[in-house]
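Scroll down for the structure; my scribbles are underneath it.
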Amino acid sequence: MSSLADSSPIPVIPLNPSGRRDELGDLPRTSTTDAEEDGYSVKGKSASMRPDTLVEVNFKYLLQLELEIAELKAKVTRQNEEISRLFGLVHLNRDIWTFYWRNSKEWEELLWPYLDPASRRAHFPYSHPDGERDA
Numbered sequence: 323m324s325s326l327a328d329s330s331p332i333p334v335i336p337l338n339p340s341g342r343r344d345e346l347g348d349l350p351r352t353s354t355t356d357a358e359e360d361g362y363s364v365k366g367k368s369a370s371m372r373p374d375t376l377v378e379v380n381f382k383y384l385l386q387l388e389l390e391i392a393e394l395k396a397k398v399t400r401q402n403e404e405i406s407r408l409f410g411l412v413h414l415n416r417d418i419w420t421f422y423w424r425n426s427k428e429w430e431e432l433l434w435p436y437l438d439p440a441s442r443r444a445h446f447p448y449s450h451p452d453g454e455r456d457a
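Counting in my numbering, the sequence shown runs from 323 upward without gaps.
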C-alpha cells in the first residue's frame, strides 16, 4: 500500500490550448496569439495555464536540462578564466617587449660609435633597415 507521501510529485509544464508544441518538440508554446487563434479569450491570464491544458512531464527530463545548463555555465566560467589568463599574458608579453626594446635601444646607442656597418646590421638588424645612420 503506497501513500501520497511516498510518491514524488510530477512536474507539470503548460501546453497551448490546442495541444501543439513548438518546432523543438519539447518546449511549450504559450504565446497569447496561439491561444487567441485556438478560440480562447485571454483576459489578464494566459489560456495555456488552465488546469485542463496542463500535461505531465518526465522529471528526469527536467533534471537532464538542469545538468546541461550547469555544465554549460561551468564551461563559460572556464572559458572566461582562460580569456582572463591569456589577456594577462598579452599584457605581460607587451611589458617584457617594451622593456627589451628600451634596453636594446640603450645598448644600440652605447655601441653604435664602436661598431662597423656590418656589425651594426648584424647586431641591430631592425633598427635602421635603410642604413640612414651608416653614413
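Just so you know, even glycine gets a beta-carbon here, dropped at the ideal spot from N, CA and C. Quick caveat: nothing in here was measured; it's all calculated off a predicted structure.
Secondary structure note for V377: its beta strand (DSSP E) is the uninterrupted segment L376 to E378. Here the alpha carbons of E393 and T375 stand approximately 32 Å from one another. Boundaries of the alpha helix (DSSP H) harbouring P439: P439 to H445, taken from the DSSP string. The criterion of a C-beta distance shorter than 8 Å is not satisfied by R424 and W434. For the alpha helix (DSSP H) assignment, the uninterrupted runs of no fewer than 4 residues enclosed by the segment 373-437 are, from N- to C-terminal side, 381-433.
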